[in-house]
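The structure appears right after this line, and notes come after that.
Numbering (this note's numbering), first residue to last: 29 to 537.
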């Protein structure tokens, strides 16, 4: 009765559990607001039992045990991990992994009412970008039946481990979904998990390194505990830092976007299209008014974000006052490289040639901002904005600058990331996962179907998508990465009706 009124209660603490706090940059309001679901689709039959057992064994290894930990709040409201005894995990008394499976091996994936509509099974056009589908329409394929976790509270009020695995098996395909709260780790943490899982599947357990910082009860330490406490230079965008008042005014001005219906879609950008965009962008810079100042390198990600910014703002007015409106590109940026090396707080490079590099199985993410005006998008070529993105990474991605940005996070009680711009700005957020190379995850060791002869594609995902439960940020896009044919896939959220306009524009390409 009380549960129906007040919601589920927190389970009683288990006296034999060991307890450690979350790392400083894991327990933030932003990461608390997301439960991540990551789907990998394989066009082969995978051994589901082996996938499960190998991942369960990984969660019981030293340094990896927080995957099986339970999430709780302490008396001050801070999050902490409660580690079950290893014997309880290995016996299954308390599961090391949330696992579910649907056995549809009696049918082809093309016979399933929802799975048959997955984007990789649809006709493709290599001459133009294509909106391939509504990722939310596939949620039933990603979430376990009954009570999938949709908020942090679902973990706090249950005895569920942090990591979940959901598998759907067809006669000719396998869908593998991992899910976890964002407080656990970021996209590069996910890739580290997949790398270790692959080694487990291949029987190469001895090559698995313990994550840096570890999580073994009693020896856990936070490598970033002091990161941002001793910055040596001011942040270069500090003069454009928004005050709480300005940020609040911006939020109120965009209230309809925040509370209105958001739609999500997945887009395929053919290799030929992106290659041309990159070549054209470099030519635009070299042929521009200041070729000697032009950057000598633009990544595919720089160009893709710059081009997509034009697509994602095409619905906005282009009058004189609109052109003066501030535009902010908010790019998620992994800090592992900037904080690596022998003297950095994340020295992840392995000194043992027989082991994988030590992963950082947590969140190590900053945001690099490009602040300009809408005129930069409306009136200038893609190459201009791509160069702005590249230069921002060069200037703001240095070790002193990411530490200065972390100092700004520490200066707020709520550990919120700093925002730059003004109350009238239009902000677009990007998270580029290309370097995680998810399309090359190798599950070939558990493929049960006959070898087709193409070893480079065997056991690799043919489609990947990410969905999140919880807060949906408007105008936020994830670049999922480049598939084995060189085509890019991205997905994101826009206000209702805008995706239809984007799709119409692509059809007229």
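Note that beta-carbon positions come from the ideal geometry of N, C-alpha and C, so glycine has one too.
Bear in mind the structure is a predicted one, so any value in this text is a computation, not a measurement.
Q: Look at residue 499 and residue 62 and say whether their C-beta atoms are less than 9 Å apart.
A: Residue 499 sits at position 471 when you count from the first residue of the chain shown. Residue 62 sits at position 34 when you count from the first residue of the chain shown. Yes, the Cβ-Cβ distance between residue 499 and residue 62 is below 9 Å.
Q) What separation, rounded to the nearest whole angstrom, lies between the Cα atoms of residue 163 and residue 228? A) Taking the first residue of the chain shown as 1, we reach residue 163 at position 135. Taking the first residue of the chain shown as 1, we reach residue 228 at position 200. Near 30 Å, if we compare the C-alpha coordinates of residue 228 and residue 163.
Q. Where does the unbroken alpha helix (DSSP H) through residue 403 begin, and where does it stop?
A. As a working note, residue 403 is residue 375 in the chain shown. Note, residue 403: alpha helix (DSSP H), 403–406.
Q.
Under 8 Å, with one C-beta from each stretch per pair, do the region 148–167 and the region 294–307 reach the 3-pair mark?
A. yes
Q: Please go through the region 104–128 and give each complete alpha helix (DSSP H) segment of 4 or more residues, from N-terminal end onward.
A: 114–119
Q: For the region 408–416 and the region 305–313, state whether three or more C-beta atom pairs, one from each stretch, are separated by less than 8 Å.
A: yes
Q. Quick one: what does DSSP say residue 504 is sitting in, helix, strand or coil?
A. In the chain shown, the residue the question calls residue 504 occupies position 476. Strand at residue 504.
Q.
Can you check which of these residues, 48, 46, 72 and 42, is closest to residue 479 by C-alpha distance?
A. Counted from its first residue, the chain shown places residue 479 at position 451. Comparing Cα-Cα distances from residue 479 to each of 48, 46, 72 and 42, the minimum goes to 72.
Q.
Please classify residue 141 as buried or exposed, where buried requires at least 16 other C-beta atoms within 10 Å of its C-beta.
A. For the purposes of this step, residue 141 is taken as the residue at position 113 of the chain shown. Exposed.
Q: Determine the direct distance from the alpha carbon of residue 371 to that of residue 173, and round the result to whole angstroms.
A: The residue given as residue 173 occupies position 145 in the chain shown. The residue given as residue 371 occupies position 343 in the chain shown. Those two C-alpha atoms are separated by around 47 Å.
Q.
Pop quiz: residue 486 and residue 468 are said to be a contact at Cβ under 8 Å. What is the actual Cβ separation, rounded to whole angstroms?
A. Along the chain shown, read from residue 1 onward, the residue named residue 486 stands at position 458. Along the chain shown, read from residue 1 onward, the residue named residue 468 stands at position 440. Their Cβ separation, rounded to whole angstroms, is 12 Å, which puts residue 486 and residue 468 out of contact at 8 Å.
Q | Residue burial classification, residue 31 (beta-carbon count within 10 angstroms, cutoff 16) | A | Position 3 of the chain shown, counted from the first residue, corresponds to residue 31. Confidence at residue 31 is low in this model, with a pLDDT of 49, below 50, so the placement of that residue should be treated as unreliable; the coordinate-derived value is given next. With fewer than 16 other Cβ atoms within 10 Å, it is exposed.
**Q.** Where residue 253 falls, given that 16 or more other Cβ within 10 Å makes a residue buried
**A.** As a working mapping, residue 253 is identified with position 225 in the chain shown. Answer is exposed; the Cβ neighbour count stays below 16.
**Q.** Residue environment, residue 249, which counts as buried when at least 16 other CB atoms sit within 10 Å
**A.** As a position in the chain shown, residue 249 is number 221, starting the count at 1. Exposed is the call here.
Q. Helix, strand or coil for residue 50 per DSSP?
A. By one-based count along the chain shown, residue 50 stands at place 22. Coil.
(Q) Output needed for residue 490: all residues of its chain with C-beta closer than 6 Å, excluding positions within five of it in sequence on either side, in chain order. (A) Taking the chain shown and counting its residues from 1, one reaches residue 490 at position 462. Correct list, in chain order: 69, 71 and 148.
Q) Going by alpha carbons, who is nearest to residue 462 out of 473, 492 and 189? A) Locating residue 462 in the chain shown gives position 434, counting from the first residue. Residue 492 is the option with its Cα nearest to residue 462.
Q) Among 534, 125 and 114, which one has its Cα closest to the Cα of residue 340? A) Here residue 340 refers to the residue found at position 312 when the chain shown is read from its first residue. When only C-alpha atoms are compared, the closest one is 534.
**Q.** Within 9 Å, strictly: CB atoms of residue 178 and residue 203
**A.** Against the chain shown, residue 178 aligns to sequence position 150. Against the chain shown, residue 203 aligns to sequence position 175. Cβ atoms of residue 178 and residue 203: not closer than 9 Å.
Q: Using the Cα positions of residue 218 and residue 275, report the straight-line distance between them to the nearest angstrom.
A: As a position in the chain shown, residue 218 is number 190, starting the count at 1. As a position in the chain shown, residue 275 is number 247, starting the count at 1. Straight-line Cα distance between these residues: approximately 32 Å.
Q. Can you name the residues that DSSP bridges to residue 413?
A. Taking the first residue of the chain shown as position 1, residue 413 is located at position 385. According to DSSP, which records beta bridges pairwise, residue 413 is partnered with nothing at all.
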